[in-house]
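Everything below concerns the one structure shown next.
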Amino acid sequence: GTSTYRDSGLEFATDFLIGSATAAYQIEGAVDADGRGPSIWDTFSATPGKIVNGDTGEIADDHYHRLESDLDLMASLGLEAYRFSVAWPRIQPLGSGEPNQAGLDFYSRLVDGLLARGIRPMVTLYHWDLPQALEDAGGWTSRETAYRFAEYAAIVGAALGDRVDCWTTLNEPWCSAYLGYGSGAHAPGRTDSLAALQSVHHLQLGHGLALQALRQTVTTDAEYSVTLNFHVLRGDDASSPEAKRRIDALANRAFTGPMLRGEYPADLLEDTAAITDWSFVLPGDLETIHQPIDFLGVNYYSTATVRMWDGTSTRQNADGHKDVGGSPWPGSGHVEFLTQAGPYTSMGWNIAPDGLEELLLSLSEQFPRLPLMITENGAAFDDVLEQGAVHDLDRLDYLRRHFTAAHRAIAQGVDLRGYLVWSLLDNFEWGYGYSKRFGIVHVDYDTQERVVKDSGLWLKTLIAGRRLPD
Ligand code: PNW
12 GTSTYRDSGL EFATDFLIGS ATAAYQIEGA VDADGRGPSI WDTFSATPGK
62 IVNGDTGEIA DDHYHRLESD LDLMASLGLE AYRFSVAWPR IQPLGSGEPN
112 QAGLDFYSRL VDGLLARGIR PMVTLYHWDL PQALEDAGGW TSRETAYRFA
162 EYAAIVGAAL GDRVDCWTTL NEPWCSAYLG YGSGAHAPGR TDSLAALQSV
212 HHLQLGHGLA LQALRQTVTT DAEYSVTLNF HVLRGDDASS PEAKRRIDAL
262 ANRAFTGPML RGEYPADLLE DTAAITDWSF VLPGDLETIH QPIDFLGVNY
312 YSTATVRMWD GTSTRQNADG HKDVGGSPWP GSGHVEFLTQ AGPYTSMGWN
362 IAPDGLEELL LSLSEQFPRL PLMITENGAA FDDVLEQGAV HDLDRLDYLR
412 RHFTAAHRAI AQGVDLRGYL VWSLLDNFEW GYGYSKRFGI VHVDYDTQER
462 VVKDSGLWLK TLIAGRRLPD
């Protein structure tokens, strides 16, 4: 039957890092604690109509107050690495100036707690919670925000850089720029194509400046990275190659170009010429952005199937981004995203482990000397908690298939260093609030009780045995 796989027993090398990931706004809660300032996600989630059920991150998993028990939970799963993000508004409540020591102390305790349990801390500096004061001054459309980000990076580097040896600047700048400023589905909810493209650039300038700042303040022999979410594109229509080229330029090469090659793709500039001449890219910016990194973080969930809209039929838009006023595709909003074959997760995303294998192979071909790390992969399903257990065989199966895909890529020579499952805990899933559960640990939002799901137990067995469990 379909539950029989030939993949059990596949082995992962002992230095292949297996762990899990979270982000500050999605789990911490305690939004007013210890001097934290407001972020764009506090503002956005307080705006009626933006988040499913009007949910906010006010309490979330209350992780801020449950640090010790959550650390014990991670240890009980045997996690080798834990990827978390630092909330900028805890460190600089208004986005600039003197650090808030209480905010730094929280992350210092987190890092110490991880190290004491033998779990490698992997710090992401920006997982979308921009201090609101900086948004009020223009947010990522403003060049100044990139300089503020570097100052913040230097503060965190100085505070944690004696113990943390793995640093990521940005998580998914695609989401920050295009969902935050283009489609409006994410904070700050702006719907302006020019603003989105300015943000693409200023986020990357911030990345480059932050890397420089980290290298000056961190004292461990650290690894530096950025995490991107890649769009793996499919389509067999006659117009699909053109649609794929356009979306690949906006989604993927808009970031790998500057960061890994030191240039914006020529076709991206052409496709967006009616919106901007990109004169906000100043001399020297590309050199700043094009810093060496030690590995590339790859977030992967699903694929997209595209073709060019013929302008007559009703345009299909199955890319999972609600059309909330704007398009996340500046200059290419007429590309059609076609409904894909299932099975689907409860996000409506099709399950396509072969897309992960294809992506890893393609990246390693494009950037042969660049190690890769899966910094997020996972799935939302409609879990049922009964008698203190969650038998999430759908998620377990999803993970098993994606670990198998990763293994296949490694067997074909891809330099893949690790795999972090999204997410450790059920949490605030951005525009979907608490209606979508990605955790390998179930969270009861009334009691804050945590229950390890079967997928979490499976991951624990995988880590302990270094092979896919039966
Ligand atoms: C990523 N999209 O977000 C984030 O890094 C996580 O914080 C998030 O919880 C996870 O994936 C699951 O969604 C994304 O619309 C959000 O294409 C939206 C999209 C992609 C990634």
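Throughout the sequence shown, residue numbering follows full-length UniProt numbering, covering 12 to 481 in sequence. Each residue gets a CB set at the ideal place from its N, CA and C atoms; glycine is no exception.
Our two residues, R406 and A400, have alpha carbons roughly 14 Å apart in a direct line. Residue burial annotation: G48 is buried, with at least 16 other C-beta atoms found within 10 angstroms of its C-beta.
D437 has its alpha-carbon roughly 8 Å from the corresponding atom of Y445.
Distance between I421 and M384, taken at the CA atoms: about 11 Å.
Its chain contains A260 as the residues whose beta carbon lies nearer than 6 Å to that of D278, once the 5 sequence neighbours on both sides are disregarded; these appear in chain order. If you look at T238, you'll find it in the beta strand (DSSP E) that goes 234-240. At least one heavy atom of ligand 1 lies closer than 8 Å to the C-beta of A196.
Beta-bridge partners of T135 (DSSP): S96, T179.
Unbroken alpha helix (DSSP H) stretches of 4 residues or longer found wholly inside the stretch 148-212: 154-171, given in chain order. Note that the stretch 469-480 touches the stretch 81-99; at least 3 beta-carbon pairs, one per stretch, sit closer than 8 Å.
C-alpha of A224 to C-alpha of T287: approximately 30 Å in a straight line. Of S187, G200, D147, A233, the smallest CA-CA separation from Q215 is found for S187. For Y312, the secondary structure class from DSSP, reduced to helix, strand or coil, is coil.
By the 16-neighbour rule on beta-carbons within 10 angstroms, A417 is buried. Distances from the CB of H138 to the heavy atoms of ligand 1 include at least one below 8 Å. With a cut-off of 8 Å, the C-beta of A329 is classified as distant from ligand 1, since no heavy atom of the ligand falls inside that distance. Between G65 and Q37, the CB-CB gap reaches or exceeds 9 Å.
Its Cα nearest to that of W469, the residue D481 stands out among R461, D481, M133. Bridge partners of P142 according to DSSP: S50. A residue is called buried once 16 or more other Cβ atoms fall within 10 Å of its Cβ, and V463 is buried on that count. Taking one beta carbon from each stretch, the stretch 227-244 and the stretch 304-323 have 3 or more pairs nearer than 8 Å; the two touch.
Around the C-beta of S87, fewer than 16 other C-beta atoms lie within 10 Å, and the residue is accordingly described as exposed.
In the three-state reduction of the DSSP assignment, N388 falls in the strand class, which pools E and B. If you compare the alpha carbons of A315, G336, D248 with that of R201, the shortest gap goes to G336. By the neighbour-count definition (other C-beta atoms within 10 Å, threshold 16), P269 is a buried residue.
Annotated three-state conformation of H453 is strand, per DSSP. Considering only W340, Q227, E347, the residue with the shortest C-alpha distance to A165 is Q227. Assigned with DSSP and collapsed to three states, A475 falls in helix. According to the DSSP assignment, Y118 belongs to the alpha helix (DSSP H) that extends over 112-127. The criterion of a C-beta distance shorter than 9 Å is satisfied by A315 and F348. At a Cβ-Cβ threshold of 9 Å, D232 and D176 count as neighbours.
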